[in-house]
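Residue numbers (my numbering): 1 to 346. Glycine included, each C-beta is placed from N, C-alpha and C at the ideal position. All figures in this text were calculated on a predicted structure; none of them were measured in a lab.
Dropping the structure here:
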């Protein structure tokens, strides 16, 4: 399976649209979450996005982004996609980086955003409430499914999930599918009481929520944190290949020759079942002609369209295309929510 390093680079990207940020959101990066405070500080994450402007007109659309890695400039990652949409649809694309997943849905619901990079849980909630539709499911290197991992350090003394009782575990955003919901699901299935998490606190262990890379770095650098629940994209390069189940090796885009090559080495405690990749959402009350044009453009985007020549290989956008999808594709995520007793919207 090819890594992005092996993809042929295309010509430099075209002109850049003006970028604006909604008040209550932050530029930066699953990315920099400068306005997000974690459970480590005891303060809740920022969840509101406000703006003084009115709804975007058909000539200008707002694309809301969700941070994924704190060491990545997510707006720079997405700039080639913005340029592509502008070229194909004939609109100006403005962007904002929301403080967290909840802020993305709020922006769509209030008309402050037209389309968004979102988590599967947000697709479910937005669909249930009639706020959003799934424009498409992002794919990476031909894979429309990805994985969640729970990892520890080799010297932690943690050998299995039940050993995490009474310990501290780092997670990504509370509504992150691979960085919170699926790790909590795996812990619940192992017999640990997850209590009110992700909204509240687990009963059998302490949880700290931030983002994927922060969770990984917290595990590495803090002795009191003995495990991390993250998307495989964050921790798989630190785990030796022989620790992964066959299903992961056959299906995961992360099995690209980099498994176990990053330092420091981490130990795999649990690997999830395949998870449908994250969606791109659109407002249900968007102009239908505009929605259709955006959908057609996104479903036809190619790997080459998404490469930013100004970024290094490890900073490039994580997905390589968009496939057709609907909220029904996220039934496995709904099963996880049911197991955890999570009712979205509360």
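Problem set entry | residue 311 versus residue 191: straight-line alpha-carbon distance, rounded | Stepping through the chain shown from its first residue, residue 311 is reached at position 311. Stepping through the chain shown from its first residue, residue 191 is reached at position 191. In a straight line, the C-alpha of residue 311 is about 44 Å away from that of residue 191.
Exercise. Grouping DSSP H, G and I as helix and E and B as strand, with all else coil, what is residue 344?
Worked result: Here the question's residue 344 lines up with position 344 in the chain shown. Three-state DSSP puts residue 344 in coil, outside helix and strand.
Exercise. Do you know how far the Cα of residue 174 is from the Cα of residue 103?
Worked result: Position 103 of the chain shown, counting from 1, holds the residue named residue 103. Position 174 of the chain shown, counting from 1, holds the residue named residue 174. Cα to Cα, the separation comes out at about 12 Å.
Exercise. Going by the C-beta, is residue 243 closer than 8 Å to any heavy atom of the ligand PLP?
Worked result: Absence of the ligand PLP from the depicted structure is noted, as is the absence of any ligand whatsoever, leaving it without description.
Exercise. Can you check whether the CB of residue 178 is closer than 9 Å to the CB of residue 280?
Worked result: The residue labelled residue 280 in the question sits at position 280 within the chain shown. The residue labelled residue 178 in the question sits at position 178 within the chain shown. No, the Cβ-Cβ distance between residue 280 and residue 178 is not below 9 Å.
Exercise. What runs of the beta strand (DSSP E), each 3 residues or longer, lie entirely inside the segment 140 to 183?
Worked result: 148 to 152, 168 to 171
Exercise. So does the segment 159 to 168 actually touch the segment 305 to 325, counting three or more Cβ pairs closer than 8 Å?
Worked result: no
Exercise. Below 9 Å between beta carbons: does that hold for residue 294 and residue 137?
Worked result: Residue 294 sits at position 294 when you count from the first residue of the chain shown. Residue 137 sits at position 137 when you count from the first residue of the chain shown. No, they are not a contact pair.
Exercise. Where does residue 50 land, buried or exposed, given buried means 16+ other C-beta within 10 angstroms?
Worked result: In the chain shown, the residue the question calls residue 50 occupies position 50. Residue confidence is low: residue 50 scores 36 on pLDDT, short of 50, so the model does not pin down where it sits. Its coordinate-derived value is still stated next. Answer is exposed; the Cβ neighbour count stays below 16.
Exercise. Using a Cβ-Cβ cut-off of 8 Å (strictly less than) and excluding sequence neighbours within five positions of residue 288, which residues of its own chain qualify?
Worked result: Your numbering for residue 288 matches position 288 in the chain shown. Excluding sequence neighbours, residue 288 sits near nothing in its chain.
For this session: Return yes when the Cβ of residue 126 is within less than 9 Å of the Cβ of residue 285, no when it is not.
Result: Stepping through the chain shown from its first residue, residue 285 is reached at position 285. Stepping through the chain shown from its first residue, residue 126 is reached at position 126. Cβ distance not < 9 Å, so residue 285 and residue 126 don't count as in contact.
Exercise. Secondary structure at residue 321, three-state DSSP: helix, strand or coil?
Worked result: Taking the first residue of the chain shown as 1, we reach residue 321 at position 321. Three-state DSSP puts residue 321 in a strand.
Problem set entry | Sheet register partners of residue 93 (DSSP bridge) | The residue you call residue 93 lines up with position 93 of the chain shown. Looking at the DSSP assignment, residue 93 forms a beta bridge with 61.
Exercise. According to DSSP, is residue 219 helix, strand or coil?
Worked result: Sequence index remark: in the chain shown, residue 219 carries index 219 (1-based). Correct three-state label for residue 219: helix.
Problem set entry | DSSP state of residue 116 mapped onto helix, strand, coil | Within the chain shown, residue 116 is the residue found at index 116, counting from 1. In the structure shown, residue 116 sits in a strand (DSSP, three-state: E or B).
Exercise. Sorted by chain position, which residues of the same chain lie with C-beta nearer than 7 Å to residue 321's C-beta, five sequence neighbours on each side aside?
Worked result: Translated into positions along the chain shown, residue 321 becomes position 321. Here the set comprises 139, 301, 302, 303.
For this session: Using the Cα positions of residue 271 and residue 59, report the straight-line distance between them to the nearest angstrom.
Result: Locating residue 271 in the chain shown gives position 271, counting from the first residue. Locating residue 59 in the chain shown gives position 59, counting from the first residue. If I take the Cα positions, the gap works out to 44 Å.
Exercise. Taking the DSSP output, what are the residues bridged to residue 281?
Worked result: By one-based count along the chain shown, residue 281 stands at place 281. Looking at the DSSP assignment, residue 281 forms a beta bridge with 116, 134.
For this session: Figure out for me which residue from 245, 96, 129, 93 has the closest Cα to the Cα of residue 109.
Result: Counting from 1 along the chain shown, the entry for residue 109 is found at position 109. Of the candidates 245, 96, 129, 93, the one whose C-alpha sits nearest the C-alpha of residue 109 is 129.
Problem set entry | Rounded Cβ spacing between residue 97 and residue 72 (contact assumed at less than 8 Å) | Translated into positions along the chain shown, residue 97 becomes position 97. Translated into positions along the chain shown, residue 72 becomes position 72. Your pair residue 97 and residue 72 does not check out as a contact, with CB atoms roughly 11 Å apart and the cut at 8 Å.
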